[in-house]
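> Its first residue numbered -16, the sequence shown is counted upward by one per residue in this note's numbering.
Starting off with a structure, shown below.
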Amino acid sequence: SNFTRVIFVRHPLERLASAYVDKIASLTNEPFLLYDSIRRAICRKYSSFYLTDAQRKFYRIHRRIPKTIEEPCYNVVPKFEHFIAYIMSNSMINDVHWYPYSKLCYTCLFKYNFIGKYETIEEDLGRLLTYLGLESKDWNNVNHFRTGKTREHYKSMYSNLNNQLLCTLKYVYRDDFKLFDYRLEDYLTDKKTISCSPSHERQLRKIYKK
């Protein structure tokens, strides 16, 4: 083949944290946007954490909410753990921003010539340019990518996730962890440990049908 197949991957837990910060916590307040609709849906599902009884009554009265109405969830930013629970428990898992690479990019069907990682993207892009016989003298002087401080922030977001959610993440992204040499523990605090039971894994197999 005359094609060079290249893929750049990112730690699954960083993808989730980044998606939450950029698309859920940003408060776009545009009801026509998909991710704002997801934000509001999470707020409604876990309304007991965010709304008063009177506000929750609003949703019992308005089964179908006109986009012109300023609903109670209008400015609510759901907690990260509720975001994770929501997207892992329904069809939203299929979204391109957090769907496993192992399913999204057909990693087992294609033989990639080069696999780079977002975590080492500057170094890997330099290696890719060399691999392709290209040069970029200015590349090493440019840094557009996330810092260690950002990673520590993302890491702290997982400190409130319970054992069941962490085990779900470990199961859903198990192939990505294995294929790209990532670990769930990379984004857990030093004192955070998980224990996944066989019964929970059996339940997950039924949910995700694999």
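Glycine included, each C-beta is placed from N, C-alpha and C at the ideal position.
Taking buried to mean at least 16 other C-beta atoms within 10 Å of its own C-beta, is Asp159 buried or exposed?
buried
> I want to know whether the region 32 to 43 touches the region 87 to 101 - three or more CB-CB distances under 8 Å.
no
> Looking at C-beta atoms only, is the number of pairs between the region 83 to 90 and the region 147 to 159 that lie closer than 8 Å three or more?
yes
> Under a three-way DSSP split, which group does Lys100 fall into?
strand
> If I'm right that Lys175 touches Ser142 with Cβ under 8 Å, what's the distance once you round it to whole angstroms?
6 Å
> DSSP on Ile(-10), reduced to helix/strand/coil?
strand
> Could you tell me whether the Cβ atoms of His65 and Tyr29 are closer together than 7 Å?
Yes, these two residues count as a Cβ contact at 7 Å.
> Can you give me the C-alpha to C-alpha distance between Leu196 and Lys138, rounded to a whole angstrom?
For the chain, the structure presents residues -16 to 193; residue 196 sits outside this window and is missing.
> Would you decide whether His(-6) is buried or exposed? Buried here means 16 or more other CB atoms lie within 10 Å of its CB.
Counting every other CB atom within 10 Å of its CB across the protein chains shown gives His(-6) a total of 16 or more, marking it as buried.
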